[in-house]
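The block underneath contains the structure these notes are about, expressed in structure tokens.
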Amino acid sequence: MSRRTRFAVFAVGAAGLVILFVLAAFRLPDFGGRFHPYGERAVTSAIAEKTKNVVSSVNFDQRAFDTVGEELILFASALGAVILLRMVRREREEEAGEHGYGPADVFDALRLTGYLLLPVTLLVGVYIVAHGHLSPGGGFQGGVVLGTALHLLYLTGDYPALARLRPVPVFESAEALGAGAFVVLGLAGAGLLIPMNSVVGLEVGCAFVLVLAKFFEQALLVRTDDAGTEDS
Amino acid sequence: MSHLPYLAAGWILLAGIFGMVTSRNLVHVVVCLSVTQSATYVLLLAIGYRKGGTAPVFSDIKPTGKVVDPVVQAMTLTDIVVNATATALLLALAVQVAKRRGTIDPDELRPLE
Numbered sequence: 006m007s008r009r010t011r012f013a014v015f016a017v018g019a020a021g022l023v024i025l026f027v028l029a030a031f032r033l034p035d036f037g038g039r040f041h042p043y044g045e046r047a048v049t050s051a052i053a054e055k056t057k058n059v060v061s062s063v064n065f066d067q068r069a070f071d072t073v074g075e076e077l078i079l080f081a082s083a084l085g086a087v088i089l090l091r092m093v094r095r096e097r098e099e100e101a102g103e104h105g106y107g108p109a110d111v112f113d114a115l116r117l118t119g120y121l122l123l124p125v126t127l128l129v130g131v132y133i134v135a136h137g138h139l140s141p142g143g144g145f146q147g148g149v150v151l152g153t154a155l156h157l158l159y160l161t162g163d164y165p166a167l168a169r170l171r172p173v174p175v176f177e178s179a180e181a182l183g184a185g186a187f188v189v190l191g192l193a194g195a196g197l198l199i200p201m202n203s204v205v206g207l208e209v210g211c212a213f214v215l216v217l218a219k220f221f222e223q224a225l226l227v228r229t230d231d232a233g234t235e236d237s
Numbered sequence: 487m488s489h490l491p492y493l494a495a496g497w498i499l500l501a502g503i504f505g506m507v508t509s510r511n512l513v514h515v516v517v518c519l520s521v522t523q524s525a526t527y528v529l530l531l532a533i534g535y536r537k538g539g540t541a542p543v544f545s546d547i548k549p550t551g552k553v554v555d556p557v558v559q560a561m562t563l564t565d566i567v568v569n570a571t572a573t574a575l576l577l578a579l580a581v582q583v584a585k586r587r588g589t590i591d592p593d594e595l596r597p598l599e
């Protein structure tokens with residue numbers, strides 16, 4: 006399809022979308038209105054369960070079973086990304102040290118900041134997971150903080166240290182364990198906010214670490230044999 | 487004017503699709519898809535907004551306090567998680583396309599040999 010045809014198809018589709026969307030938007034309830042039947046019921050039910058963060062209550066208590074589906078989407082796409090980024094024929098993985106991917110030449114201030122922030126960020130991640138039922142936060146948000154916190158080490162220029170800190174097989178097992186535990190908790194029923202938050206935190210954190218690890222491998226370590234000479 | 491936020495969501499949706507249609511770079515396509523999907527965040531949060539409402543977290547407000555709709559906020563959270571994972575998956579595909587075909591311009595990709 007040429008660019009012109011593609012654009013024409015888009016223009017027709019967009020025109021239709023605009024008409025239908027505008028018509029639909031004007032029949033939606035007014036912005037900022039008072040009519041929130043589901044919201045009110047969710048709030049009432051969360052307060053009855055003494056959960057202070059209603060969003061967490063909706064996700065891990067009232068709609069816990071739906072969150073299992075979401076969790077499996079996350080698991081499946083992390084798995085998909087890891088499979089897509091695996092080594093293929095004609096490729097080999099280089100040792101992290103082989104190309105002098107040792108501590109890189111970065112400013113001392115940057116290195117120090119990274120090392121100092123790593124434990125603080127991990128602590129913040131744990132706090133966000135653990136307080137998910139009381140204050141804004143929860144397993145998903147905290148898991149992202151935990152998973153990306155480790156990569157502060159990469160920003161300090163020390164890829165080998167990062168590679169040592171996150172042995173991929175361990176994180177793979179933890180990821181699978183988290184997903185399995187979440188399905189069990191989701192089927193077990195309602196009211197398991199704290200364990201669910203923790204398990205989700207574990208799984209999201211591991212998923213991020215795994216996917217980022219695979220991207221790092223692609224960028225830093227994997228070389229095709231015939232192009233083995235052009236690198237860094 | 488009370489429907490303006492909904493229309494803004496529609497505008498973001500169109501901007502994202504336009505970017506995908508005219509894109510010449512697969513990474514750019516993935517980012518445009520993220521933009522497209524963020525239209526749903528705006529729409530969901532706009533529907534859940536309540537005038538004068540605050541966040542639906544009762545750690546420091548009375549249980550009778552006025553809050554915005556928590557159900558759509560939970561859905562937005564789901565949406566963000568799905569968006570992040572879909573982005574990772576698509577970027578992985580883009581990496582493989584770049585390796586196999588040596589290009590990430592969608593127009594230069596031919597049907598599978």
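Just so you know, the protein sequences line up as chains Z and U, in that order.
Note that my numbering has the first sequence beginning at 6, numbered continuously upward.
Note that my numbering has the second sequence beginning at 487, numbered continuously upward.
Glycine is no exception: its CB is placed at the ideal position from the N, C-alpha and C atoms.
Is residue i helix, strand or coil when you go by DSSP?
i, result
"T540 (chain U)", "strand"
"V602 (chain U)", "The first residue shown for chain U is 487 and the last is 599, placing residue 602 (chain U) beyond what the model contains."
"N511 (chain U)", "coil"
"G37 (chain Z)", "strand"
"G505 (chain U)", "helix"
"E235 (chain Z)", "Interpretation of E235 (chain Z) is limited by its pLDDT of 42, a score under 50 that renders its predicted location unreliable; the figure taken from the coordinates is listed afterwards. E235 (chain Z): coil per DSSP, three-state reduction."
"A570 (chain U)", "helix"
For residue i versus residue j, is the C-beta distance shorter than 8 angstroms?
i, j, result
"N64 (chain Z)", "L563 (chain U)", "yes"
"A619 (chain U)", "V528 (chain U)", "With chain U covering 487 to 599 only, the question about residue 619 (chain U) has no answer from this structure."
"G539 (chain U)", "K552 (chain U)", "yes"
"G196 (chain Z)", "E54 (chain Z)", "yes"
"T56 (chain Z)", "D66 (chain Z)", "yes"
"G130 (chain Z)", "L157 (chain Z)", "no"
"L115 (chain Z)", "T161 (chain Z)", "yes"
"P556 (chain U)", "V59 (chain Z)", "yes"
"S509 (chain U)", "P597 (chain U)", "no"
"V513 (chain U)", "I590 (chain U)", "yes"
"S62 (chain Z)", "G143 (chain Z)", "no"
"G37 (chain Z)", "K537 (chain U)", "yes"
"V554 (chain U)", "S140 (chain Z)", "no"
"A30 (chain Z)", "G496 (chain U)", "yes"
"F220 (chain Z)", "L90 (chain Z)", "yes"
"K547 (chain U)", "V521 (chain U)", "In the sequence as presented, Lys is not what sits at residue 547 (chain U); that position holds Ile. No, these two residues do not count as a Cβ contact at 8 angstroms."
"I78 (chain Z)", "V568 (chain U)", "yes"
"A86 (chain Z)", "A574 (chain U)", "yes"
"L595 (chain U)", "V516 (chain U)", "no"
Between residue i and residue j, which are expected to be in contact by the criterion C-beta below 8 angstroms, what is the C-beta distance as a whole number of angstroms?
i, j, result
"E260 (chain Z)", "F176 (chain Z)", "Because chain Z in this structure spans residues 6 to 237, residue 260 (chain Z) falls outside the shown range and cannot be described."
"T126 (chain Z)", "A154 (chain Z)", "4 angstroms"
"G183 (chain Z)", "V204 (chain Z)", "5 angstroms"
"R11 (chain Z)", "V507 (chain U)", "6 angstroms"
"G210 (chain Z)", "G148 (chain Z)", "4 angstroms"
Give me the chain Z residues within the contact set of residue i, using Cβ-Cβ distance strictly less than 8 angstroms, ordered along the chain.
i, result
"D593 (chain U)", "R8"
Strictly below 9 angstroms CB to CB, what residues from chain Z border residue i?
i, result
"Q523 (chain U)", "Residues of chain Z passing the Cβ test: none, with the nearest at roughly 13 angstroms."
"K537 (chain U)", "F36, G37, G38 and R39"
"H514 (chain U)", "Under the 9 angstroms cutoff, chain Z gives no residues; its nearest Cβ is about 15 angstroms from H514 (chain U)."
"I503 (chain U)", "F15, G18, A19 and L22"
"T508 (chain U)", "R8, R11, F12 and F15"
"V568 (chain U)", "E75, I78, L79 and S82"
For a contact meaning CB atoms closer than 7 angstroms, what does residue i contact in chain U?
i, result
"G44 (chain Z)", "G534, D555, P556 and V557"
"V63 (chain Z)", "P556, V557 and A560"
Can you name the start and end residues of the alpha helix (DSSP H) that residue i belongs to?
i, result
"D113 (chain Z)", "D113 to A135"
"Q146 (chain Z)", "G144 to A154"
"N202 (chain Z)", "L198 to F221"
"T72 (chain Z)", "A69 to L89"
"I547 (chain U)", "Per DSSP, I547 (chain U) belongs to no alpha helix (DSSP H) and is neither H nor E."
"R169 (chain Z)", "Y164 to L170"
"S50 (chain Z)", "P42 to A53"
"G588 (chain U)", "Element bounds for G588 (chain U): n/a, residue is neither H nor E."
"G185 (chain Z)", "V173 to A193"
"V27 (chain Z)", "R8 to A30"
"Y159 (chain Z)", "L157 to L160"
"V63 (chain Z)", "From DSSP, V63 (chain Z) is part of no alpha helix (DSSP H); its letter is neither H nor E."
Anything in chain U within Cβ reach of residue i, meaning under 8 angstroms, just list it in chain order.
i, result
"G85 (chain Z)", "L575 and A578"
"N202 (chain Z)", "Those do not exist, as N202 (chain Z) stays about 12 angstroms from chain U at its closest Cβ, beyond 8 angstroms."
"V27 (chain Z)", "L493 and G496"
List the residues of chain Z whose Cβ lies closer than 7 angstroms to the Cβ of residue i, in chain order.
i, result
"P549 (chain U)", "I52"
Residues of chain U with CB closer than 9 angstroms to the CB of residue i, please, in chain order.
i, result
"L1 (chain Z)", "The question about residue 1 (chain Z) has no answer, for chain Z in this structure spans 6 to 237."
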